[in-house]
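Student: According to the numbering used here, the residues represented by the sequence shown are 13 to 163, in order. All C-beta atoms, glycine included, are put in the ideal place defined by N, C-alpha and C. Have a look at this one before I ask anything.
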Amino acid sequence: MDLPAEIAWELAKPLLAEASGVAIDRAKRLVRALRGKLGNAPDLDGLQQQILAAARQDPAWATEIVRLLAEANTAAPVSYCGLPPEPFRDRAGLLEPEPARHWLDAARGLLGRGGDTQYEWELVELEAQLATLAGNAEQARQLWGGLAEAA
């Protein structure tokens, strides 16, 4: 199956969301299928290309993940859980601002390339938590204040 790049991008979004700490409940089966093929820690910068390559190599898998994507994109409200699955978490990095900043910036960059803004609230919230953790009270206040005003 020859996947269009736009579909591969849609398939990458749940993994990118988890990289920034947001797991989408209704996409769990899709994420499991992607990780089963790509591994537990895929290269986030080349994720779309990895998905396209894997789909070319395994058409049955490509058909299945497109079906799971359609299942995940139902009109039902999105339910979030607090933390990504255990193998994806870096316990040592949870309290380290620099690695967390790197992954937050990577997630924001990858989501921004596709023009997606649906996770912006969560990304700003994570950025505010990082500012708090790093002791940057003024930046944290501005970020939390912006979220409060937007609500």
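Locate the alpha helix (DSSP H) running through P71, then write down its first and last residues.
Tutor: The residue you call residue 71 lines up with position 59 of the sequence shown. Taken as a continuous stretch (DSSP letters only), the alpha helix (DSSP H) holding P71 covers P71 to A84.
Student: Leaving aside the five residues before and after Q151 along the sequence, list all residues of the same chain whose C-beta is less than 6 Å from its C-beta, in chain order.
Tutor: To locate residue 151, count along the sequence shown from 1; it is residue 139. Hits under 6 Å: A143.
Student: What is the residue span of the alpha helix (DSSP H) that A149 lies within?
Tutor: Locating residue 149 in the sequence shown gives position 137, where the first residue counts as 1. From DSSP, the alpha helix (DSSP H) with A149 extends over A149 to A162.
Student: Hey, quick one: how far does the alpha helix (DSSP H) through Q141 stretch, first residue to last?
Tutor: As a position in the sequence shown, residue 141 is number 129, starting the count at 1. Taken as a continuous stretch (DSSP letters only), the alpha helix (DSSP H) holding Q141 covers E132 to L145.
Student: Which residues bound the alpha helix (DSSP H) around A45?
Tutor: What you label residue 45 is simply residue 33 of the sequence shown in a count that begins at 1. Start and end: K40 to L50.
Student: When you compare only the Cα positions, how much space is there between A72 and G147?
Tutor: Within the sequence shown, numbered from 1, the residue matching residue 72 stands at position 60. Within the sequence shown, numbered from 1, the residue matching residue 147 stands at position 135. Looking at the two C-alpha atoms, the distance is approximately 50 Å.
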